[in-house]
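Here's the structure, in structure tokens; my notes come after.
Protein chains in written order, with the working numbering: chain W, 1 to 507; chain F, 508 to 963.
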């Protein structure tokens, strides 16, 4: 394959600091207007900075060009299919951006007196009520900033719950297939992880669960689960699992990363979960922003409620003919305390409530149904032809919103690793699926199309996979050194870790 | 209401046929029957775009935002002017809608922004290593505590009461989990009590945690206070306000091992408290213990310069329970807003803005101190926020002043019961001399009216 450099590749990366020239500027600031004093009269000399930080010096037109150019070096959801498993890359409605930018939301100070922020508190309360119904659990805290923050919250709630009963438990069970944040959160919350084996359906191996519970009797604080699990399969034993955990005195935690599969169809609370986190940036359409912001509200059962973080948004009945009043409740003596500053990622709440109002209960249920339909259709398409042979489904049954393929035969027969396939997909204009997760599937590809993709996109993706496999049968080298058309080609990630260069050196 | 989906009845038919089922419900049969909801969610049905807009606009209209009221409230989040190019750039699909840059070949834009951002934060704080951002300020303090425990193998934090109350509370919440003890040191004359701090630090101390300017607005002598940490081998963690770092000596030059803080003043809206971002910088020695994502420079196979997520071996998807932190999705778009704002301010503008804040704050402080019934809570040097005492109940005075369209400040009583009469007043470049004069007049009138028992 002839390697001709694309125009984007020819445009080598230059940072904004390399475009800086002394004397250039963009900012136009107001005059001080007040009588000025020498700085050293106001702040002791030894506390002052000698030289200003070396920020770039650059005029506005060039700042705009610089970041526009950089933006074109990103692939994004608005440009094409993005079937990244467990990430729920659904459309980000622009209406939500518009309502979040209203000054009444965007310029509201978080310390505004609740009496003068009734709209914001009512909005949060409405979102709490909606999430409570969707999760099937009566109480919600919006405070956690992301899924991992929700996990930490859930574990701290578990600790508080047991402490209040005079119990100290030290272990948290998590399947070996769980999202990596689960065990990381367990450690941060001061617990020890005990791995539970996975059965061939990707569900909890019941005998192993019983064995772990017996081995650690009285020690198990919690079991963290995702359902549907990381293979995209609903764990049929969930009611039995809940019973076993509750009998052992533990709490059952629901990682809501896969909630988009079941909205309006099945609720974690009804499955027996005590604590659930919801990724508003997954199921509820908050844009991912290239890695945040998100939000990870938690819904909990009655027995966990006393320990929820403070402050909590509450609705108080009105008196003297006044309507209800929304407030921040700090008087929560058993609360685990704060998890962050102020009340949470309110801008994300505005977008998610706009999404829930737009779809309604009926639309949410239909969104999940279409997500499951799309996933099963794409799975069926990929069971045909070369893909069916080289990339078998890890567990052959109807899936929920996502499914996992194994690239093991592809690697064995064509010498093509899952990574190579992923990189070659970039040349075809697709974002690859999640790769090498879950760990129990060799050469895994985890595919989540979401409900907002067309049948045509799904077909085109299946065809691209077919083409890449056909091409590899002829010459597998092509995919092994792909991609060719991206702004840069394969990058040396080892170097970036061995000799990290994490900032620009400036003279 | 069906929204944002494309499947027509014909599409559905064809797809179901390809799957080999008669209806989509069949696909849900893997959920055991008793666990299927079997009814509609009790949420209202979906409504049209214009109706959603009106509904949320009506809620927004019930908030006294900084356009409806002149905002002198700070306490960690400030009503700065966010330049128009920040909105223009952060709303581009290419930055707004991608996921975390797991495929670096098609994520060079976002990764280079992280690298530029890390460089800027490193310059601001005077420390060599920055991550690409954490959730927000207070939880960054808690994450720094976790790092310090790992670095020192000790389990006690000595924290000044000048550190933001939300940071101290969050640190306490996390500490219950990871098993650490938090010892607080009080304030004297608005500043951390140096003698009490020196007394509290010992060989068991993992970190000394300070904030400058502190919560009462006072600029601390970080270098002098930090000596106690150095003496006992504890880390020095300094929370700071990025907007003051064009003027104040950066934490890195004061001996800080970690400098962090709330990033909202840089290119982010108030948003009733979030999303914003936390910044987190450290010495080289801590690079492999850092929380959060870090972009690093490298080359592609043809020798082109490129950027990737570096040091991923710290992260959960590789290290699982041994990860340095559990943080994953953080605040990339908010950090982009900060970078664009900093580029817009530039080296000179950033310093000028810092000076402007100091000058207007000095004026406002003097002006308020001259008002009958208002006195300074402390006389320590300040940069952009200061504290006063009111000779009348603070809540009632705030209500009166709110009636004149002014949010006068942050009442200190809830978090500092000993300062029940305290009010924290913040200045940004949006607060004009005329507004400051009006605040002084309104506060004076409100205090007088309260003292005279005039009905509000």
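Every residue, glycine too, gets a C-beta built ideally from N, C-alpha and C.
DSSP state of residue i mapped onto helix, strand, coil
i	result
residue 325 of chain W	strand
residue 277 of chain W	strand
residue 516 of chain F	helix
residue 385 of chain W	helix
residue 172 of chain W	strand
residue 845 of chain F	helix
residue 7 of chain W	helix
residue 691 of chain F	strand
residue 522 of chain F	helix
residue 76 of chain W	coil
residue 913 of chain F	strand
residue 502 of chain W	coil
residue 544 of chain F	coil
residue 579 of chain F	coil
residue 650 of chain F	helix
residue 606 of chain F	coil
residue 552 of chain F	strand
residue 195 of chain W	strand
residue 783 of chain F	coil
Any chain W beta carbon closer than 9 angstroms to residue i
i	result
residue 615 of chain F	yes
residue 699 of chain F	no
residue 756 of chain F	yes
residue 900 of chain F	no
residue 786 of chain F	no
residue 835 of chain F	yes
residue 805 of chain F	yes
residue 863 of chain F	yes
residue 730 of chain F	yes
Residue i CB to nearest heavy atom of the ligand SAM below 8 angstroms
i	result
residue 43 of chain W	Looking at this structure, you won't find the ligand SAM or any other ligand, since it has none at all.
Bridge partners - residue i, DSSP secondary structure assignment
i	result
residue 446 of chain W	W:404, W:434
residue 483 of chain F	Here chain F has residues from 508 to 963 only, and residue 483 of chain F is not among them.
residue 312 of chain W	W:329
residue 135 of chain W	DSSP lists no partner for residue 135 of chain W.
residue 141 of chain W	W:298
residue 637 of chain F	F:788
residue 894 of chain F	F:931
residue 570 of chain F	W:117
residue 663 of chain F	F:688, F:712
residue 807 of chain F	W:491
residue 699 of chain F	F:694
residue 253 of chain W	W:224, W:275
Below-9 angstroms beta-carbon distance, residue i vs any chain F residue
i	result
residue 222 of chain W	no
residue 1 of chain W	In this predicted model, residue 1 of chain W has a pLDDT of only 49, less than 50, meaning its place in the structure is not dependable; the value taken from the coordinates is given anyway. Not closer than 9 angstroms to any Cβ of chain F, the Cβ of residue 1 of chain W fails to qualify, so no.
residue 347 of chain W	yes
residue 504 of chain W	yes
residue 479 of chain W	no
residue 9 of chain W	yes
Buried or exposed (CB count within 10 angstroms, at least 16 for buried), residue i
i	result
residue 335 of chain W	buried
residue 330 of chain W	exposed
residue 686 of chain F	exposed
residue 825 of chain F	exposed
residue 282 of chain W	buried
residue 941 of chain F	exposed
residue 230 of chain W	buried
residue 243 of chain W	exposed
residue 518 of chain F	buried
residue 374 of chain W	buried
residue 959 of chain F	exposed
residue 144 of chain W	buried
residue 499 of chain W	exposed
residue 85 of chain W	buried
residue 515 of chain F	exposed
residue 548 of chain F	buried
Beta strand (DSSP E) segments (min. 3 residues) lying fully within the segment 749-774 of chain F
765-769
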